[in-house]
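Asker: Residues in the sequence shown are numbered consecutively from -13, following this note's numbering. Beta carbons: idealized from backbone N, C-alpha and C, even for Gly. The structure displayed is predicted, hence computed values, not measured ones. Shown below is the structure under consideration.
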Amino acid sequence: MSEWANIVITGFMGTGKSKVGLEVARRLSREFVDMDTLIEQRGGMTIPEMFAQRGEGFFRQQERQLCQELAKRRGLVIATGGGALIPEENRQALGTSGLLVCLNCDVGEILQRLAQAEDRPLLDVADRRERIETMLAQRREVYSRIPHQIDTTGLTVEEVAERVIRLVGEVAVEKIAVRTPMGSYEIHLGQGVLARVGELARQQGLRGRVALVTNPTVGDLYAPAVVVSLRKAGFEPAVCQVPDGEAYKTLDTVSSLYDQFIIGGLDRYGAVLALGGGVIGDLAGFAAATYMRGVPLVQLPTTLLAMVDASIGGKVAVDHPRGKNLIGAFKQPELVVIDPLALSTLGEAEMRSGWAEVIKAGVIGSPSLFEHLEGKGDEPSLPLIIEAVRVKVAIVEEDPYEKGRRAVLNLGHTFGHALELLSGFTLRHGEAVSVGLVAAARTAIALGLCDETVEGRLAALLQRFGLPTRYKVYEPREVWEAMATDKKRRGKKLRFVLPRAIGQVVVTGQVPKAVVLEVLEKLRER
Ligand SMILES: NC(=O)c1ccc[n+]([C@@H]2O[C@H](COP(=O)([O-])OP(=O)(O)OC[C@H]3O[C@@H](n4cnc5c(N)ncnc54)[C@H](O)[C@@H]3O)[C@@H](O)[C@H]2O)c1
C-alpha cells in the first residue's frame, strides 16, 4: 500500500513554520510535530537553556536524531527548527519521507514578527537585523535547494497554510488510470484537489458551458470552490440543484435536471459534473448519459461510499417505485476527482456506511487494506481510499459491463439488500451490508469454504467501526423470502458471494436454503 507522505515545513526563524504547520495539520486532520518543542520536552529544558548549558552542538545532535526518527514515520506535518535542514543528511532523511516546503519572508517582516521573541538564542545580539542578514546569507543557498518555496511576506498564517495545502494537492495527487472499452479515464486523488477541478477538466479537453449538479447540503459546502476553479480555467458553470436524498433519485428529478441544463445553455460540447454522494453521482450520471444522447461526465464524489465505490465503474441509475436502480445506463466518466478533505463534513452515520464498503473491498481483494484497518486505520486516510479504489478499479476493468467477475462487488449485498428491503429502507445501506458481510462469512464457513478466523476478524473489525454484525426482528424465513423474491423479480438467479479468505472471494449458486436459514438464525438478535 502506498504510504501517506509527511509534510515537512522548514525555513528561517520567524517565517511562521510552527503556526503554519499547526494550521495545516488541523485542516488535514494530521498529527503535528514541532521539532523544537519536542526537543525541549525530551530534554526537560528550553532551547536557550540547552544552548547555555549543553552548547549548540548538543542541540544540533538532538535535531539530527529526531530527523532520522521522524523520517521513519508517515502522515505527519512537521515544523522543523530554522537550522534543522541545513545539514544535508537531515534534508535527505526528511526529504525521502515526504514533501519539503521552505517558507521565506522579507527581513523587515521577520524582524517585526520576532520583535517580542526572547526564546531565540541566536538573536541574543545588539543588532538583530545584521545578525539575521548574515545568517540568511549563510543559509540562503541551502534553503534554495528545497524543492518547494513559499514567500510568506504579507500573508496571514491561514493564507500560508492554504498555499501549503494547495501545493500538497498539486504535488501529492495520486493518479489511477481506468481502462474501459471506450478508452480510459483517470481518477485523481489528493488533499485539496477539489479546488483544482477546473484545471484538471481542461486537461481532459473539456471546454465551455458545464453543469455542476449538486444538492443544497453539498452545494453550500463545496460548490463555491469548484465554481471558482472552473471559472479560472475558462469554463462557464451553471449550478444545477436537486433536493437531497435517495427519495429524489427518480426520473422526475432527472427531468428537472434536463430543464436546468437547457436553461443553463448546456450543449453537446459541454459536460456534467456530479458533486455529491452516490445519489448525485447516479442522478447526474444518468442525466449525462441521456441528455442530447450523452455529454461528458465528471464525478466529484464527496462521501466515502461514493469515493471508493459509486463514482467508479460507469454504472448510473435512478430508482423506480418497483425497485432500486431499475432504470440505468453505463456511462463512463471522463474524470473522477477524489478529495478526502470533503469527508471532514460528512456525518458519522454516512461515514460508517462508507467504512462498510471499504472493509468489503479489503475482503474482496486486498488483505493489506484489511490488515491496515485492523491495525490503526480508523481515519479515512488517502492511502486507505487509494487501496479501496484500486480494488474496485481492478474488478470493473475486468468486467466493465457486469457480465461476470463484477458480481464479487455484491459481497454482503445479497443478505444486506434483503434486510434493507424488509426494513422499508430504514436500515442504512452500510449497516445492512455489514450484517450481510458476516452472514456471507458464516455461510462460507458452514460450506467449508473458509476457516472460522475469517468471520471472527471480520466481525471484530466491523464492530470497531461501529457497524452491526447481527440483525433484529425478522424471521430467518422472511429474510430468505426477501432475498429470493427480489432476485426472481429482477429475473436473476440467487447467487452468493462468499469469502474463501481475507482478500479472496468466490461466486456460487450452490448454497442450500437450509444453510442460509441456519446462518440467519444464528445472526438474529433476540
Ligand atoms: N453507481 C454505482 O456503482 C453505485 C455503487 C454504490 C452505491 N450507489 C448508489 O449510491 C447511493 C448512496 O450513496 P451515498 O451513501 O453517498 O449517499 P448520498 O449520496 O445520499 O449521501 C449521503 C448524505 O450525505 C450528504 N453528503 C454528501 N457528501 C457530503 C459531505 N462531504 N459533507 C456533508 N454531507 C455530505 C448528502 O447530501 C446526503 O445527505 C445509493 O443511491 C446507491 O444506489 C451507486
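#1: Can you tell me which of T(-4), I72, I381 puts its alpha carbon nearest to the alpha carbon of G299?
#2: Is it the case that the Cβ atoms of L269 and P319 are separated by a distance below 7 Å?
#3: Nearest-angstrom Cα distance between T200 and Q51?
#4: Measure the alpha-carbon distance for R512 versus D325 and round it to whole angstroms.
#5: Mind checking whether P454 and E417 have CB atoms under 7 Å apart?
#6: Is D230 near ligand 1 - that is, is its Cβ less than 6 Å away from at least one heavy atom of it?
#7: Go ahead and label M168 buried or exposed: buried means 16 or more other beta carbons lie within 10 angstroms of its beta carbon, across all protein chains shown.
#8: Going along the chain, which residues of its own chain have a beta-carbon closer than 6 Å to the beta-carbon of F44, five neighbours each way excluded?
#9: According to the Cβ coordinates, are L286 and V323 closer than 7 Å?
#10: Specify whether the region 336 to 354 and the region 403 to 420 touch according to this definition: at least 3 beta carbon pairs, one from each stretch, less than 8 Å apart.
#11: For the region 365 to 374 against the region 439 to 451, are there 3 or more C-beta pairs whose distance is under 8 Å?
#12: What residue from P202, A147, T203, V214 has the CA that sits closest to L180's CA?
#13: What are the boundary residues of the beta strand (DSSP E) that includes G271?
#14: Under three-state DSSP, which class holds G(-3)?
#15: Please tell me whether, using a cut-off of 6 Å, the distance from the CB of V515 to the nearest non-hydrogen atom of ligand 1 is below it.
#16: So Y208 is in the alpha helix (DSSP H); what residue range does that whole segment cover?
#17: If you count every other CB in all the chains shown that lies within 10 Å of the CB of A274, and 16 or more means buried, which is it?
#18: When every heavy atom of ligand 1 is checked, does at least one fall within less than 6 Å of the C-beta of L283?
#19: By the 10 Å Cβ neighbour count, where 16 or more other Cβ atoms means buried, how is V(-6) classified, buried or exposed?
#20: With hydrogens ignored, establish whether the beta-carbon of V204 is closer than 6 Å to any heavy atom of ligand 1.
#21: For A147, is the beta carbon positioned less than 6 Å from some heavy atom of ligand 1?
#22: Pull up the distance between the alpha-carbon of V483 and that of V150, whole angstroms please.
#23: Curious, which full-length beta strand (DSSP E) runs of at least 3 residues does the region 2 to 26 contain?
#24: Using DSSP with H/G/I as helix, E/B as strand and the rest coil, what is A70?
#25: Does DSSP classify D325 as helix, strand or coil?
#26: Checking 7 Å against the spacing of the C-beta atoms, do A219 and E172 come in under that value?
#27: Taking the alpha helix (DSSP H) that C53 belongs to, which residues open and close that run?
#28: Kindly indicate which three-state DSSP category G299 falls into: helix, strand or coil?
#29: Express the C-alpha separation of G495 and T400 in angstroms, rounding to a whole number.
#30: Considering only the beta carbon of each residue, do V240 and V304 sit closer than 7 Å?
#31: Taking DSSP as the reference, what is the three-state secondary structure of S(-12)?
#32: Can you name the start and end residues of the alpha helix (DSSP H) that G194 belongs to?
#33: Among the residues of its own chain, which have a CB less than 8 Å from the CB of T82, if the five just before and after it don't count?
#34: Determine the burial state of R338: buried for a count of at least 16 other Cβ atoms within 10 Å of its Cβ, exposed for fewer.
#35: Leaving out the 5 sequence neighbours to the left and right, which residues in its chain are closer than 8 Å to G263 when beta-carbon positions are compared?
#36: Does ligand 1 have even one heavy atom less than 6 Å from the beta-carbon of T331?
Answerer: Taking the structure as given:
#1: Cα-wise, what sits closest to G299 is I381.
#2: Going by C-beta atoms, L269 is not nearer than 7 Å to P319.
#3: So the two alpha carbons sit approximately 50 Å from each other.
#4: Between R512 and D325, the C-alpha separation is close to 42 Å.
#5: In this structure, P454 lies near E417, with their beta-carbon atoms less than 7 Å apart.
#6: The answer is yes for D230.
#7: By the 10 Å Cβ count, M168 comes out exposed.
#8: Take F44, set aside five residues on each side of it, and no residue of its chain has a beta-carbon closer than 6 Å to its own.
#9: Contact: yes.
#10: By the C-beta criterion, the region 336 to 354 is judged to be in contact with the region 403 to 420, since at least 3 inter-stretch pairs fall below 8 Å.
#11: Flag = no, the region 365 to 374 and the region 439 to 451 do not touch.
#12: Measuring from the Cα of L180, the nearest candidate turns out to be V214.
#13: From DSSP, G271 is part of no beta strand (DSSP E) but of the alpha helix (DSSP H) over 264 to 276.
#14: Note: G(-3) maps to strand in three-state DSSP.
#15: Outside the shown range of the chain (-13 to 512) lies residue 515, about which nothing can therefore be said.
#16: Element bounds for Y208: 202 to 218.
#17: A274 is buried by the Cβ-count criterion.
#18: Not so, every heavy atom of ligand 1 lies at least 6 Å from the Cβ.
#19: In summary, V(-6) is buried, with 16 or more beta-carbon neighbours lying within 10 Å of its beta-carbon over all protein chains present.
#20: Under cutoff, so the answer is yes.
#21: No, since every heavy atom of ligand 1 falls outside the 6 Å radius drawn around the Cβ of A147.
#22: Cα to Cα, V483 sits roughly 45 Å from V150.
#23: Unbroken beta strand (DSSP E) stretches of 3 residues or longer found wholly inside the region 2 to 26: 17 to 20, given in chain order.
#24: It is coil, neither helix nor strand.
#25: Here D325 sits in coil by DSSP.
#26: Taking 7 Å as the Cβ cut-off, A219 and E172 do not qualify as a contacting pair.
#27: In the DSSP annotation of this structure, the continuous segment of the alpha helix (DSSP H) that includes C53 starts and ends at 42 to 57.
#28: G299 falls in the coil class under three-state DSSP.
#29: Whole-angstrom Cα-Cα distance: 12 Å.
#30: In this structure, V240 sits near V304, with a CB-CB distance shorter than 7 Å.
#31: Confidence at S(-12) is low in this model, with a pLDDT of 34, below 50, so the placement of that residue is unreliable and no value is reported for it.
#32: Looking at the DSSP string, G194 is not in any alpha helix (DSSP H), and its letter there is neither H nor E.
#33: The answer, listed in chain order, is A57.
#34: It is buried - the Cβ of R338 has at least 16 other Cβ atoms within 10 Å.
#35: Residues V204, P287, T288, T289, L291, A292, A296, E336 of the same chain have their beta carbon placed closer than 8 Å to that of G263, with the five preceding and five following residues left out of the count.
#36: Distances from the CB of T331 to the heavy atoms of ligand 1 include at least one below 6 Å.
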